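K.L.:
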Amino acid sequence: MEHPMLLLDFITHPLALFMEKYFNLTDGNHLYHITYMWFYMLLLIGASLIVVRKLKMVPGRLQNFFEVAIGGLKDLTVNTMGEDGLKFFPLIATLAIFILVANLGDIIPGFYSPTANVNTNASMAIVVFFLTHIIGIKVHGMKYVKQFTGPIWWMAPIMIPIEIIGHLARPLSLTVRLFGNIFGEDLVLVIILILAPFLIPMPVLALMIFTALIQTIVFTLLAMMYISGAMEEGH
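Okay, so the sequence shown: first residue is 553 according to my numbering, each after it adds one.
Printed below as a string of structure tokens:
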């Protein structure tokens, strides 16, 4: 048999294998996260288009879900960043909704969570990292450098390396925190499927849903705090 693990792969990653066979869009296990990332993106885009084209005064379930989700995220953005933060709301909402859906993906048998791969999380963290400093320079100009020099000028040689290391650690922290928690969930789920394939305890599923929600909130809040901090005056 050419692929002795083909049956197991088909059970665990049917979508990725289908795309690999008929569209040549994956390369084995290494790029499964890309396939599922695009799947969740297209799913969210499709759902959004359906809601936008069929808006009703009395919302249906899907429209009501989106209204509650977007409204909650909007309130969270304003409470965290102030009214100026609304200009970044499209990015914040996109990150939050995608991360939540991607985190929850691995709960469904046969699906995979792209946030369990470090590359997916790093791409989002890098976007937040560069946007933070772009906004800081745009708002403050060259005075943005004061945020790295500390409160007293003669402390600059000490503070600048510390601040640079701290800022570089931000995307690493965002990436590793999300990856570690979601990948850990995947390991737990795989172990349960191996030991008890027909019995997945509800407490484990509840814990996975809770972790997926918490990690979404943490990533989103930190992104908002980083961007908001870049807009503040250096002290």
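Every residue gets a Cβ at the ideal spot worked out from N, C-alpha and C, and that includes glycine.
Please read these numbers as outputs of a predicted model, since none were measured by experiment.
Between alanine 782 and isoleucine 734, how many whole angstroms is the CB-CB distance? I'm expecting something under 8 angstroms.
P.N.:
On the sequence shown, residue 782 is found 230 positions in, with the first residue counted as 1. On the sequence shown, residue 734 is found 182 positions in, with the first residue counted as 1. Going by Cβ atoms, the distance from alanine 782 to isoleucine 734 rounds to 27 angstroms, so no, they are not a contact pair.
K.L.:
Starting from the Cα of asparagine 655, find the closest Cα among Ala721, Tyr592, Leu638, Ala775 and give me that residue.
P.N.:
Position 103 of the sequence shown, counting from 1, holds the residue named residue 655. Of the candidates Ala721, Tyr592, Leu638, Ala775, the one whose C-alpha sits nearest the C-alpha of asparagine 655 is Tyr592.
K.L.:
Closer than 8 angstroms is the cut-off here; do at least three beta carbon pairs connect the segment 712–729 with the segment 696–703?
P.N.:
yes
K.L.:
Report the three-state DSSP secondary structure of isoleucine 649 (helix, strand or coil).
P.N.:
Counted from its first residue, the sequence shown places residue 649 at position 97. Three-state result, isoleucine 649: helix.
K.L.:
In chain order, what residues of the same chain have a beta carbon less than 7 angstroms from the beta carbon of phenylalanine 794, not counting five sequence neighbours either side?
P.N.:
Residue 794 is absent from the structure shown; the chain starts at 553 and stops at 787.
K.L.:
Can you find the residues in the same chain that come closer than 7 angstroms, C-beta to C-beta, to valine 740, ignoring five residues on each side of it along the sequence?
P.N.:
Residue mapping note: residue 740 aligns to position 188 of the sequence shown, counting from 1. Counting only Cβ-Cβ distances below 7 angstroms, and skipping sequence neighbours, we find Val756.
K.L.:
So, proline 723 versus alanine 677, is the Cβ gap smaller than 7 angstroms?
P.N.:
Here residue 723 corresponds to residue number 171 of the sequence shown, with the count starting at 1. Here residue 677 corresponds to residue number 125 of the sequence shown, with the count starting at 1. In contact: proline 723 and alanine 677 (Cβ atoms closer than 7 angstroms).
K.L.:
For leucine 596 and isoleucine 649, I'd like the C-alpha separation in whole angstroms.
P.N.:
Sequence index remark: in the sequence shown, residue 596 carries index 44 (1-based). Sequence index remark: in the sequence shown, residue 649 carries index 97 (1-based). Computed Cα separation, rounded: 9 angstroms.
K.L.:
Could you have a look at asparagine 669 and say whether DSSP puts it in helix, strand or coil?
P.N.:
Translated into the one-based positions of the sequence shown, residue 669 becomes position 117. If DSSP states are grouped into helix, strand and coil, asparagine 669 belongs with coil.
K.L.:
Taking its Cβ as the centre, do 16 or more other Cβ atoms sit within 10 Å of serine 665, making it buried, or is it exposed?
P.N.:
If you number the sequence shown from 1, residue 665 lands on position 113. Buried.
K.L.:
Can you give me the C-alpha to C-alpha distance between valine 679 and serine 780, rounded to a whole angstrom?
P.N.:
Numbered from its first residue, the sequence shown carries residue 679 at position 127. Numbered from its first residue, the sequence shown carries residue 780 at position 228. Whole-angstrom Cα-Cα distance: 15 angstroms.
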